[in-house]
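Note sheet for the following structure.
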Amino acid sequence: MTHPLVTPEMIETYQRDGVVLVPGLFADHVDALRAGIEANMAEPGPYASDNKKEGQTGLFFDDYCNWTRIPQFRDVIHASPAARVAADLMQSESVQMFHDHVLVKEPGTSMATPWHQDGPYYFVEGQQTVSFWSPLDPVKEATLRCVAGSHLWEKEVLPTRWVSEEGFFADEGQYMPIPDPDAEGMKVVEFEMQPGDAVAFNYKILHGARGNTSNSRRRAFSLRLVGDDARYVERPGRTSPPFPGHDMQPGQRLREDWFPMLIG
């Protein structure tokens, strides 16, 4: 039986387009996530960045892999219906934790989130993946933008460093150049969202976001989960997140002591 938040049409859309809106996924947990983000920004982790290029305005804070040290994130991961909804959308018997990600664009932040796919940065390969992106403030212009169907492209998009715009790996031949979806007439899906709504998208979906030119903050919490067919894969260099010392071998499922099973 599917979760009440999920319809057969949503599952069909997710499988076909790789992206779908899940209204109210974290609606009961907005205050907790806001508190968690404040705690995260007050004490950033080792991967935190302000993503600021010379001459740009505002502040674009992001940080990840903090759910084990920030109780609000940990509690929401277990108390929300996210894992059950993920199982339905991925059509997976199991759901395994990968990591969390916080992205905050303060008012007047000029930097956009560059077009990218998450998958090439990760050491995970598989079609049964889902990332939930949930704003904790109403969003319109600064919402997430996704290219429908890009999870089925034959070649992955080159991963780059957001500020320097350099290629993430030395060996770039296996990747396609970053496209310009607006100029190339691709089907870009975006939603006006309320706090606690979530966009669910496959790790291989090309996505980005505009800067925040409004007078209010745009706080967002992302939760990355994997399903039955997800396996560890080696990349041409250091992955992001790196998870040093994981000791996994290609083809293995992610180690459950670091990436616990939420279902299954």
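In my numbering, the protein residues as written are 1 to 264. Cβ coordinates follow ideal geometry from the N, Cα and C atoms, glycine included. All figures in this text were calculated on a predicted structure; none of them were measured in a lab.
What residues are listed by DSSP as bridge partners for residue i?
i    : result
Y64  : H101
S131 : F201, R224
V30  : Paired residues: none, contrary to the question.
A209 : T113, L144
M176 : V157
V233 : DSSP, once it has assigned bridges, lists no residue as partnering V233.
My understanding is that residue i touches residue j, with C-beta atoms under 8 angstroms, so please give their C-beta distance in whole angstroms.
i    : j    : result
S150 : K204 : 7 angstroms
D75  : S222 : The Cβ separation is near 17 angstroms, so there is no contact.
L25  : A170 : Actually they are not in contact, since the Cβ atoms of L25 and A170 sit about 38 angstroms apart, beyond 8 angstroms.
V277 : A230 : The first residue shown for the chain is 1 and the last is 264, placing residue 277 beyond what the model contains.
A209 : R145 : 6 angstroms
Using beta-carbon positions only, say whether residue i and residue j come within less than 9 angstroms of one another.
i    : j    : result
D62  : L103 : yes
A27  : G196 : yes
A142 : T213 : yes
A200 : V19  : yes
P138 : N215 : no
Q91  : Q128 : yes
Give every residue of the same chain whose Cβ lies closer than 7 angstroms to the Cβ of residue i, excluding the five residues on either side of it in the sequence, and list them in chain order.
i    : result
D118 : S131, Y203
P44  : D63
Y122 : Y203, T239
R255 : H246, M248
Only counting the same chain, and skipping five residues up and downstream in sequence, which positions put a Cβ closer than 8 angstroms to that of residue i?
i    : result
T160 : P114, H116, E166, G167, F168, I178
V163 : S49, N51, K52, K53
W258 : F243, H246
Q174 : K155, E156, P236
Item to check | Every unbroken alpha helix (DSSP H) within the stretch 37 to 88, with a cutoff of 4 residues, ordered by chain | outcome: 71 to 79
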